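There are 2 protein chains.
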Amino acid sequence: MRKGNLMSVRDDIKVLDATIRDGGLCNNFEFSDEFVYELYKTNIKAGVDYMEFGYKASLSMFNEADYGKWKFCKEEDIRAIVGENNSDMKIAVMADVGRCDFKTDFLPKSESVIDMVRVACYIHQIPAALEMIEHFHALGYETSCNIMAISQVPTDQVVQALETLNESSVDVIYLVDSFGSLYPENAGDFARLYYEIAEKAGKKVGFHAHNNQNLAFANTIETLSYGFSFLDVTVQGMGRGAGNCSSELLIGFLKNPKYNIYPILVFIEKYMAPLKAAGVKWGYDLQYMFTGLMNRHPREAIAFSANDRGDYANFYKELLDHD
Amino acid sequence: MRKGNLMSVRDDIKVLDATIRDGGLCNNFEFSDEFVYELYKTNIKAGVDYMEFGYKASLSMFNEADYGKWKFCKEEDIRAIVGENNSDMKIAVMADVGRCDFKTDFLPKSESVIDMVRVACYIHQIPAALEMIEHFHALGYETSCNIMAISQVPTDQVVQALETLNESSVDVIYLVDSFGSLYPENAGDFARLYYEIAEKAGKKVGFHAHNNQNLAFANTIETLSYGFSFLDVTVQGMGRGAGNCSSELLIGFLKNPKYNIYPILVFIEKYMAPLKAAGVKWGYDLQYMFTGLMNRHPREAIAFSANDRGDYANFYKELLDHD
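Shown next, in the form of structure tokens:
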């Protein structure tokens, strides 16, 4: 059932760096232009296949002044970093169902430097996601559908969603472990289910991990082994709460010589260490482990961190109280 | 091939807390008596099956004044903590081949509060380990053989070692990922090999993880799923270099209601946070990831940490230079 072994070069694999997008949830998307530009160059040198620049959030729903620019990913802001993007790396943005003015805020692909639009939705939003996917596809973009919080969805609904997506124009279907609650055995089960269904329609499958139980990397390589090709990473795992699968762990693991860990190490030293020193918080800690273990949204754990609490035992009891 | 599923209660499982022993490598075994006593009580409340108190190191090879007492685990020092150990939890100590005066330093089991002696060796020391195992067995102790650095051993030698151990009095055979270089696929392969051979002689199998690539927990539950029953943990993963599988992650995962995560959280808050604040270092970081990735001893990475270096990229290059 596994595709290849630990020595295989899997040419189908695409590494997608989501540092600005998922990491932006840790610092209100307030990255310096230098940071984003250096990350862009780093990713190219490291062999990363896609770089996600942020969200295309609705300017009517969100006040532009309240966020860094990568919450909105205006064409001119991306171009200020990448120019015409004369590289082999593709540019992605994320569009949330219900929080994106998708009909007005996207240029035709021929006029945009963006290559892929990733549509993020919950299971009940699949029909709305499909409308967006067909719109983006008609504009000429590659698309993915990132179904979030899948660990709370009954399997029959997952199957229905996958079969519905098979009939759409979507290119990539993502398994998203929003709560970091999957164990490798679960991730493997999901991976086989997703791959088996998606393969029938020639869709690619991808995985987006969260590190609540220190399993983001383990789950990522588990799904990879069962045919997943789109693999999300962030530098040093920077992402909401416990963060994501680290770029350096996955790039270190991959056997394709096109991938190169060294530029990422240089970037970490120069640009990530100051972020951490400045107090931007993310990464595995007990509060996130609890919400992962309980298969629930990390919002209380994020608040625990934001309030600099260290009373883990009390917090654990609070979480039990809520249910 | 997997034994049970994610809902199973596996009554064969034994959780072994190695915090004082492996964590002692981070602080020269200088734990306060209060720390050790509270950990002892915590482990009992948490349902931990074995607690390892440290090494029985040779008093002729090591100067007693240079180390905390848990490097030597004298009978009176253990008894000062546990009394007669009137609990369901067993007491273990580790004896290193070549660094232990095993013929003189162990009482008969009937006079000792120690239940299990874990013999740690490299593959070429198996004959020496066997001599020790038979000695400890004759004294009345449970024994394990912990073959270290297994990721650098050709498979035919692993098989020979396991078959030799099958003919001994050893109770438990441990797979030890000393360098944190195993991926879950490797760990699974090893687990099936160990289990299949050991089962023929009615031996139990165990796993000791290191967290260099953030896979200690993932590898532990992977080996568990293939029949491993002795599972080593340390509180907050405290152990040499990148540390081990965290007690709280494994206890959180296990479905047997005898295990209880809450006492561990209380202990972490009260006793582990001050250790970290005092500058005791362990846990996942890039320097350990590199040595794990390269399947080599973490000594240079430990020195990198001890020297408070942050030049990850240079260090990575230095490691490449060495080979």
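Top to bottom, those sequences are chains A and B.
Numbered per our numbering, the first sequence spans residues 415 to 737.
Numbered per our numbering, the second sequence spans residues 415 to 737.
Glycine is no exception: its CB is placed at the ideal position from the N, C-alpha and C atoms.
Keep in mind that this is a model prediction, so the values were computed, not measured.
Cα atoms of GLN650/B and ALA542/A: separation of roughly 43 Å, rounded to the nearest angstrom.
If you compare the alpha carbons of MET421/B, VAL619/B and LYS485/B with that of THR557/B, the shortest gap goes to VAL619/B.
One finds GLN627, ASN628 and MET703 in chain A with Cβ atoms closer than 8 Å to the Cβ of LEU663/B, taken in chain order.
For LYS614/B, the uninterrupted alpha helix (DSSP H) segment begins and ends at 598-614. The CB of PHE631/A comes closer than 9 Å to the CB of GLN627, ASN628, LEU629 and ALA632 in chain B, given here in chain order. Judged by DSSP in its simplified three-state form, SER660/A adopts strand.
GLU490/B is outside the set of residues whose beta carbon lies under 7 Å from a beta carbon in chain A. Following the DSSP letters along the chain, one finds VAL573/B inside the alpha helix (DSSP H) bounded by residues 569-580. The beta carbons of LEU596/B and SER565/B sit closer together than 7 Å. DSSP, reduced to helix, strand and coil, places ARG532/A within a strand of the structure shown. Within the region 669-684 of chain B, contact with chain A at the beta-carbon level (separation under 7 Å) is assigned to TYR676, LEU679, VAL680, ILE682 and GLU683. Counting only residues of its own chain and dropping the five nearest sequence neighbours on each side, LEU521/B has a CB closer than 7 Å to the CB of GLU489.
Exclusion of the five residues before and after ASN628/B leaves TYR698 as the residues of its chain whose Cβ lies within less than 7 Å of its Cβ.
Residue environment analysis places MET415/B among the exposed positions, since fewer than 16 neighbouring C-beta atoms fall within 10 angstroms of its C-beta. Taking 7 Å as the CB threshold, TYR454/A stays off the interface with chain B. MET562/A and ALA494/A have their C-alpha atoms some 31 Å from each other. The CB of ASP480/A never comes closer than 8 Å to any CB in chain B; the least such distance is about 34 Å. Per the coordinates, the alpha-carbon of ILE678/A lies some 42 Å from the alpha-carbon of ASP463/B. For ASP725/A, the residues of chain B that pass the 7 Å Cβ criterion are GLU683, in the order they occur in the chain.
Take the alpha-carbon of TYR469/A and the one of ALA630/B: they are about 34 Å apart. For GLY437/B, the enclosing alpha helix (DSSP H) begins and ends at 433-441. With 16 or more other Cβ atoms from the protein chains shown falling within 10 Å of its own Cβ, HIS624/B counts as buried. In the three-state DSSP reduction, ILE675/A falls in the coil class, being neither helix nor strand. Of all residues in the region 637-650 of chain A, the ones placed with a Cβ closer than 9 Å to any Cβ belonging to chain B are SER639 and GLN650, in chain order.
DSSP places ILE587/A inside the beta strand (DSSP E), whose first and last residues are 586-590.
The residue among TYR730/A, ASP725/A, VAL429/A and LEU663/A with its C-alpha nearest the C-alpha of GLY706/B is LEU663/A. Within the same chain, Cβ atoms closer than 6 Å to the Cβ of ILE528/B are found at ILE505 and VAL507, the five residues on either side in sequence being excluded. By the Cβ rule, the region 508-519 of chain B counts as touching the region 472-482 of chain B, because three or more pairs are nearer than 8 Å.
Using a Cβ-Cβ cut-off of 7 Å, TYR609/B does not count as an interface residue toward chain A, since no Cβ of chain A sits closer than that to its own. Here ALA692/B is exposed: its Cβ has fewer than 16 other Cβ atoms, across all protein chains shown, within 10 Å.
For TYR730/A, the chain B residues whose C-beta falls within less than 8 Å of its own C-beta are ILE675, TYR676 and LEU679, listed in chain order. Membership of SER639/B in any beta strand (DSSP E) is not indicated; the residue belongs instead to the alpha helix (DSSP H) covering 630-639. Per DSSP, the continuous alpha helix (DSSP H) segment holding GLY706/A begins and ends at 700-707. Judged by DSSP secondary structure, ASP447/B falls within the alpha helix (DSSP H) whose first and last residues are 447-460. Closest by C-alpha distance to ILE587/A, out of ALA612/A, VAL567/A, ALA727/A and GLN571/A, is ALA612/A.
Proximity to LEU579/A across ARG654/A, ALA632/A, PHE642/A and GLU548/A peaks at GLU548/A, based on C-alpha coordinates.
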